[in-house]
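Residue numbers for the sequence shown follow our numbering, so the first one is 40 and each next one is one higher.
Just so it is clear, CB atoms sit at the ideal spot from N, CA and C, and this is done for glycine as well.
Have a look at the structure below before the remarks.
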Amino acid sequence: MQEDIRRAVERWRRVIDKELEELIRNSYEERVADVAKYIVDGGKRLRGSLALLVSEALGGNPWDTLPAALALELVHAASLSIDDIIDEDLERRGKPSSWVAKGLGNTVMVSNLLIPHAISLVKRYGRLAIDKVVEVWWVISKGEIWDVHGVPGKRGYEAYEAIIEAKTASLFALSAYLGALAAGRDQLLREAWRYGFLLGKAYQIADDLKDVETDKSFSAKLFREWMSEVGRDGIIKKLRELIAESERLGEKLSPLLASFPRKGVSLLLGVEV
């Protein structure tokens, strides 16, 4: 099953890469397209792939869900490029960050352009989709502020949890939500949202565990403090709790989605969780 998931994500990653390139080429003038292509280039395409997998698992046509997948990747890419500016990160995915390679002004302008573009892509799914994209961008933006200035009224693990829920879990939740919406399974929207939310939270904790020493952000500092309190075993225990809850929700959706959280996080860490 782990290999099935790996193949499915890889298959959709290739599709998303190709369609994103075409979308940017057909949507923007050359100088804007050059920056936009740089911003969206690379990455695992997990959020877009999750929307397609959810749609397919719920009986929908994943090709009808593709605009939602592209929108998710535009939002994710814009958030990362802005994150790099805020954190003054010089590299992203082994190459210069967009603000370093293409300039600060160009990166801010084009990142701002990608968000309304994402909203325009989900208009076909109705008002629910538009409202959710706007809501999640609002939450991600608050998470960016918290990751710089701290979370009002929260410290330690509670602050860390609030930041990763805002910056990562919310977009995974949107991915599963749009997948269910595109599949016409409105009765499962609440479960799909919660499923994606828990999956995204587990993913971010696993990612922080993998890169515990390299991340310079405030949330990474909070993660290291949490790890010093509970140890690696305590982190793994929390991961397993999140995975188990998302698996229970996944069982209400489909067998593939029930197996995805544990297999996906294990693939990320390189060990069984």
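Check, Outcome
"Can you tell me whether DSSP reads residue 135 as helix, strand or coil?", "strand"
"How close, in whole Å, do the beta carbons of residue 157 and residue 114 come, if the pair is a contact with beta carbons under 8 Å?", "5 Å"
"Mind checking who residue 130 pairs with in its DSSP beta bridge?", "135"
"What number of angstroms, rounded off, separates the C-alpha of residue 293 from the C-alpha of residue 240?", "20 Å"
"What separation, rounded to the nearest whole angstrom, lies between the Cα atoms of residue 257 and residue 264?", "11 Å"
"By the 10 Å Cβ neighbour count, where 16 or more other Cβ atoms means buried, how is residue 145 classified, buried or exposed?", "buried"
"Near residue 150, what residues of its chain come up, given a Cβ to Cβ distance below 7 Å and the 5 sequence neighbours on each side ignored?", "78, 117, 120 and 121"
"Heavy atom of the ligand ZN less than 8 Å from the Cβ of residue 79, yes or no?", "With respect to the ligand ZN, the structure offers nothing, as it holds no ligand at all."
"Determine contact between the stretch 204 to 214 and the stretch 228 to 235, defined as no fewer than three beta-carbon pairs at a distance below 8 Å.", "yes"
"Output the distance between the C-alpha atoms of residue 65 and residue 58, rounded to the nearest integer angstrom.", "10 Å"
"Output the boundary residues of the alpha helix (DSSP H) element that contains residue 251.", "Per DSSP, residue 251 belongs to no alpha helix (DSSP H) and is neither H nor E."
"Count the other CB atoms, across all protein chains shown, that sit within 10 Å of the CB of residue 86; report buried if there are 16 or more and exposed otherwise.", "buried"
"Is it the case that the Cβ atoms of residue 209 and residue 175 are separated by a distance below 9 Å?", "yes"
"How big is the Cα-Cα spacing for residue 295 and residue 56?", "23 Å"
"In this structure, does DSSP put residue 141 in helix, strand or coil?", "coil"
"Can you say whether residue 127 is buried or exposed, counting buried as having 16 or more other CB atoms within 10 angstroms of its CB?", "exposed"
"Count the other C-beta atoms from every protein chain shown that fall within 10 angstroms of the C-beta of residue 205, then say buried if there are 16 or more, exposed otherwise.", "buried"
"Do you know whose CA, among 141, 311 and 104, lies nearest residue 75's CA?", "141"
"Given a threshold of 16 other Cβ atoms within 10 Å of its Cβ, counted over all protein chains shown, does residue 62 qualify as buried or as exposed?", "buried"
"Would you mind stating whether residue 238 and residue 278 have Cβ atoms separated by less than 9 Å?", "no"
"Take the Cβ of residue 267 as the centre, count every other Cβ of all protein chains shown within 10 Å, and call the residue buried at 16 or more, exposed below.", "exposed"
"Keeping to the same chain, check which residues put their C-beta closer than 7 Å to that of residue 312; ignore five residues upstream and five downstream.", "275, 278, 279, 282, 301, 304 and 305"
"Which of helix, strand or coil does DSSP assign to residue 242?", "helix"
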